[in-house]
Amino acid sequence: MVWKVNQHLIRIFSYYYPNSEFTHWNTLSKKLGFIPLSLIIITIITGYFQTHYFYFLPKLIHFHSNSFTSNFTSLFLFLFFNTLTFLLSWSLLLCTILHPGPPHHSNHNSSSNNTFIVNQHGIIQSKFCTICNRSKPIRTHHCKQCNQCIHKLDHHCIIINNCIGEYTLKFFLLFLMYSFLASVFASIVNFIPICTFIFGSVSLHSLTHFKSIHIKSNQFDIKLVCTLILIVFGYFLVLIQTINVFVLSVITWYNAIHGVTTLETFYIDWRTRFRDYDYGWKHNLKCIFGEHSTFLITILPIHSKSSTERTPSMLRV
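For the sequence shown, the numbering used here begins at 1 and goes up steadily by one.
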């Protein structure tokens, strides 16, 4: 029975993610990388439960006494936030478990010591990885943390414990977008309830589900203090993630719009060196999200066939 279920899951996964491979955790860096990944997962869970406990639970308690407009708004925000959380978790899972972009190795003599393989006109056709001892296409780099070559390697992201490459760039961009929206939402709606709890100016009915709690200066409650510390720490985790995701989103989306990877922007002359990869922002995004993808396929973390990328003619030795 379990075997049949696994077979059905594999078929479904192969349909929505064709030609995909699972990544390997066979290096020490990859195994240690589960520590920051666990922190990200804890932050997502903390922000999710804090938002439901401090914001949506009081709305539910006063559901019958609130107006129709208020209840409709609360229901819309509830569906909106849970949809964002589901999509960012889905995108994070794909970025973590999928191979970011296995290169198509060509049949080249492994004993060659040439770093670049060029044709008679001096144009680079492919490169040679001295670590893998195999040839690799252009725009393919070797990741030391993953110990493998990645096609269109953007960078090795420690928060997902995997590289970002040609196959997972779409999922990573969607993860950043959904994570930023969800983090901003959680930071805004939780700010007033948490500040209220900290300063004790107004009793929080949602904290005890129908009882009031006041913070009194002349009374020390160890349970209350521990709860306060956990709530504040969890809120700052979400706030820090919001800032980090915003910075990373600006950098990654900017590079994607210009058709280059983060690794390629480390060159001082990257604008002229990799200008042949910039086909205009619309076509650059189509190369990532799919040439003929519908709007639904574009915003969902589902693999979409990218348009064929032209071979640049200006990369010379």
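Positions of the beta carbon are idealized from the N, C-alpha and C atoms, including for glycine. Computed from a predicted model, the values in this text were never measured in an experiment.
{"Check": "Quick one: residues in its chain with C-beta nearer than 6 Å to the C-beta of residue 318, no 5 flanking neighbours on either side, listed in chain order?", "Outcome": "The structure shown does not extend to residue 318, since the chain spans only 1 to 317, so no value can be given for it."}
{"Check": "Helix, strand or coil for residue 139 per DSSP?", "Outcome": "coil"}
{"Check": "Taking the C-alpha atoms as reference points, what is the distance between residue 91 and residue 173?", "Outcome": "9 Å"}
{"Check": "By the DSSP assignment, the beta strand (DSSP E) with residue 157 in it spans what residues?", "Outcome": "155-157"}
{"Check": "For my contact list, residue 99 and residue 167 are in at a C-beta cut-off of 8 Å; report their separation, rounded to the angstrom.", "Outcome": "7 Å"}
{"Check": "Using 8 Å for Cβ pairs, my map puts residue 144 next to residue 101. What's the rounded Cβ distance?", "Outcome": "Not quite, the Cβ-Cβ distance comes to about 16 Å (not below 8 Å), so this is no contact."}
{"Check": "CB-CB under 7 Å to residue 34, same chain, minus the five flanking residues each way: which ones, in chain order?", "Outcome": "161"}
{"Check": "Quick test of your reading: residue 180 and residue 94, contact by CB under 8 Å. State the CB separation rounded to the nearest angstrom.", "Outcome": "About 18 Å separates the two Cβ atoms, so there is no contact after all."}
{"Check": "Can you grab the Cα-Cα spacing for the pair residue 298 / residue 39, in whole Å?", "Outcome": "28 Å"}
{"Check": "Among residues of its own chain, excluding the 5 on either side of residue 281, which ones have a beta-carbon nearer than 6 Å to its beta-carbon?", "Outcome": "257"}
{"Check": "For residue 56, collect the residues of the same chain with a Cβ closer than 6 Å to its Cβ; drop the 5 residues on either side in sequence, then sort them by chain order.", "Outcome": "78"}
{"Check": "Go ahead and label residue 209 buried or exposed: buried means 16 or more other beta carbons lie within 10 angstroms of its beta carbon, across all protein chains shown.", "Outcome": "Low local confidence applies: a pLDDT of 42 at residue 209 is under 50, so the model's placement there is unreliable, with the coordinate-based value given in what follows. Exposed, by the Cβ-count rule."}
{"Check": "How long is the line joining the alpha carbons of residue 301 and residue 22, rounded to whole angstroms?", "Outcome": "16 Å"}
{"Check": "Assuming residue 248 contacts residue 43 (C-beta within less than 8 Å), just tell me the rounded distance between them.", "Outcome": "Actually they do not touch by this definition, with Cβ atoms about 14 Å apart."}
{"Check": "When DSSP labels each residue in this structure, what does residue 303 get in the three-state scheme?", "Outcome": "coil"}
{"Check": "Rounded to whole angstroms, what is the Cα-Cα separation between residue 58 and residue 239?", "Outcome": "22 Å"}
{"Check": "Could you check how far apart the C-beta atoms of residue 155 and residue 230 are, in whole angstroms? I think they sit under 8 Å.", "Outcome": "The Cβ separation is near 33 Å, so there is no contact."}
{"Check": "Excluding the 5 residues preceding and the 5 following residue 189 in the sequence, name in chain order all residues of the same chain whose CB lies nearer than 7 Å to its CB.", "Outcome": "51 and 55"}
{"Check": "CB-CB under 6 Å to residue 177, same chain, minus the five flanking residues each way: which ones, in chain order?", "Outcome": "none"}
{"Check": "Should residue 267 go down as buried or exposed, given a rule of 16 or more other Cβ atoms within 10 Å for buried?", "Outcome": "exposed"}
{"Check": "Buried or exposed, going by whether 16 or more other CB atoms sit within 10 Å of the CB of residue 64?", "Outcome": "exposed"}
{"Check": "Out of curiosity, what's the CA-to-CA distance linking residue 284 and residue 251?", "Outcome": "15 Å"}
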